[in-house]
Amino acid sequence: MSNYPQIHQSLLYLYPKNTSRMAIIITDECINCGACEPECPNNAIYEGGAEWKYSDGTSLTGLITTLDGNEVMADDEFEPKDMDVYYIVTDKCTECVGFHDEPQCAAVCPVDCCVDDPDYRETEDELLAKKDFMHL
Ligand code: SF4
Ligand code: SF4
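If you're matching positions, the sequence shown starts at -3 in the working numbering and goes up one per residue.
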């Protein structure tokens, strides 16, 4: 089964094709207030030191093939990406595409430490495919 299901035409209208976007990262300026975590539609935000799973906040169950071709169990626990401050799992972050018109973590962060990562770019189509991969 393809990991890139057909994208609903109405979403393509809202998010023009092949527009380059930047992933969102949390910087060391994070004050660990926790405001962003419940706002994420993909459960892509975790507290520092917490393990993360594909199944958290998604429809993913059982054996899955990730978008980069790895086979893992949806309930597998992965190492924290940061031990000290909240972090974003890039593989789960859609930059809120498919849910909201702006990154919700950045919108609520009181210290503006949810910022674009200039080294990581994805197109609107890739972000929508990621959203559809996670949410049936
Ligand atoms: Fe979650 Fe949206 Fe922030 Fe990505 S940009 S971590 S999807 S709230
Ligand atoms: Fe850190 Fe900002 Fe999230 Fe608060 S809202 S936990 S300061 S990234």
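Built from N, CA and C at the ideal position, the CB exists for glycine as well.
Residues bridged to residue i [DSSP beta-bridge criterion]
i: Asp113; result: Ala19
i: Tyr83; result: Tyr42
i: Val68; result: Ile60
i: Phe74; result: Trp48
For residue j and residue i, believed in contact at Cβ under 8 Å, the rounded distance
i: Asn66; j: Thr54; result: 16 Å between Cβ atoms; not a contact.
i: Cys89; j: Ile27; result: Contact flag wrong, Cβ pair sits at about 20 Å.
i: Thr57; j: Ala70; result: 5 Å
i: Phe74; j: Pro37; result: With a Cβ gap of about 20 Å, Phe74 and Pro37 do not count as contacting.
i: Gly30; j: Pro76; result: Contact doesn't hold; Cβ gap of about 15 Å is too wide.
Counted within 10 angstroms of its Cβ, other Cβ atoms place residue i as buried (16 or more) or exposed
i: Glu25; result: exposed
i: Lys127; result: buried
i: Cys32; result: buried
i: Leu59; result: exposed
i: Met130; result: buried
i: Tyr82; result: buried
i: Leu132; result: exposed
| request: Check each residue's C-beta against every heavy atom of ligand 2 and list, in chain order, those closer than 7 Å. | output: Ile22, Cys26, Ile27, Asn28, Cys29, Gly30, Ala31, Cys32, Glu33, Ile41, Val81, Tyr82, Cys101, Val104, Cys105, Pro106, Val107, Cys109, Cys110
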